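**Student:** Quick one: structure below, then a few questions.
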Amino acid sequence: MDAVCDAAASSEAVNLLTVVEAVALERERPIEIDLQTPLATGVCGQRRAFDDHDVIVLAPGLPNVERTLAHELGHIVFRHEGAEIAEATLEASDDLIAYMLSQRSLRRNEPVPMDDLAEWEAETFASMLLMRLKTMSGRGTPLSVLRYDEAIG
4 MDAVCDAAAS SEAVNLLTVV EAVALERERP IEIDLQTPLA TGVCGQRRAF DDHDVIVLAP
64 GLPNVERTLA HELGHIVFRH EGAEIAEATL EASDDLIAYM LSQRSLRRNE PVPMDDLAEW
124 EAETFASMLL MRLKTMSGRG TPLSVLRYDE AIG
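Position 120, counted from 1, in the sequence shown is what the numbering used here calls 123; the numbers after and before it change by one each time, with no gaps.
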């Protein structure tokens, strides 16, 4: 997270799109954002890795595009493997969802599956990045805000 914020601050990135550009420059690997390609039902965003670049596909009509973009950027930053997404997902009733969540909460001492960990990391990254961007905007130059935040912990 700090490395991303350092790269963003040094390039004067004050919004999420400029952070994506800063990460791409730092990695020396372009990141494209696709807002047109439809995704499977229930899929908000997807990272697609190619030999020479990455693409973040965001489902059209998302209620919070920035949140999903930050989440997918987290997958890129953490170099998560990713997984194939089925073209269609099953429609789940509220009862089925409640049952699945209750079963998941019963797993106490079992190891956390890697895909769950990757999603948690990406979501935590998104939360921290968006909070940092909100803090950095309007409080002086991004680099000075970043250094001040580092100084006070």
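Ideal placement from N, C-alpha and C gives every residue a C-beta, glycine not left out.
A quick note: this is a predicted structure, and the numbers were derived from the prediction, not measured.
Measure the alpha-carbon distance for Arg30 versus Gly45 and round it to whole angstroms.
**Tutor:** The alpha-carbon atoms of Arg30 and Gly45 are separated by roughly 30 Å.
**Student:** Quick check on this structure: which residue in Leu38, Gln39, Thr40 and Val23 has the alpha carbon closest to the alpha carbon of Arg32?
**Tutor:** That would be Val23, whose Cα lies nearest to the Cα of Arg32.
**Student:** Tell me the DSSP secondary structure of Gly2 in three-state form.
**Tutor:** As displayed, the chain neither begins before 4 nor continues past 156, which places residue 2 out of reach and without an answer.
**Student:** Is DSSP giving Val17 helix, strand or coil here?
**Tutor:** Of the three classes helix, strand and coil, the one that applies to Val17 here is coil, per DSSP.
**Student:** Check whether the Cβ atoms of Leu42 and Ile59 sit closer than 8 Å, and answer yes or no.
**Tutor:** No, Cβ-Cβ distance for Leu42 and Ile59 is not below 8 Å.
**Student:** For the putative contact between Val17 and Val80, defined by C-beta atoms under 8 Å, what is the C-beta separation to the nearest angstrom?
**Tutor:** Going by Cβ atoms, the distance from Val17 to Val80 rounds to 18 Å, so no, they are not a contact pair.
**Student:** Can you give me the C-alpha to C-alpha distance between Ile36 and Leu20, rounded to a whole angstrom?
**Tutor:** Near 9 Å, if we compare the C-alpha coordinates of Leu20 and Ile36.
**Student:** Locate the beta strand (DSSP E) running through Glu35, then write down its first and last residues.
**Tutor:** Counting along the chain, the beta strand (DSSP E) containing Glu35 begins and ends at Ile34 to Asp37.
**Student:** For Ala52, which of Gly85, Arg70 and Glu69 has the nearest alpha-carbon?
**Tutor:** Comparing Cα positions, the closest option is Gly85.
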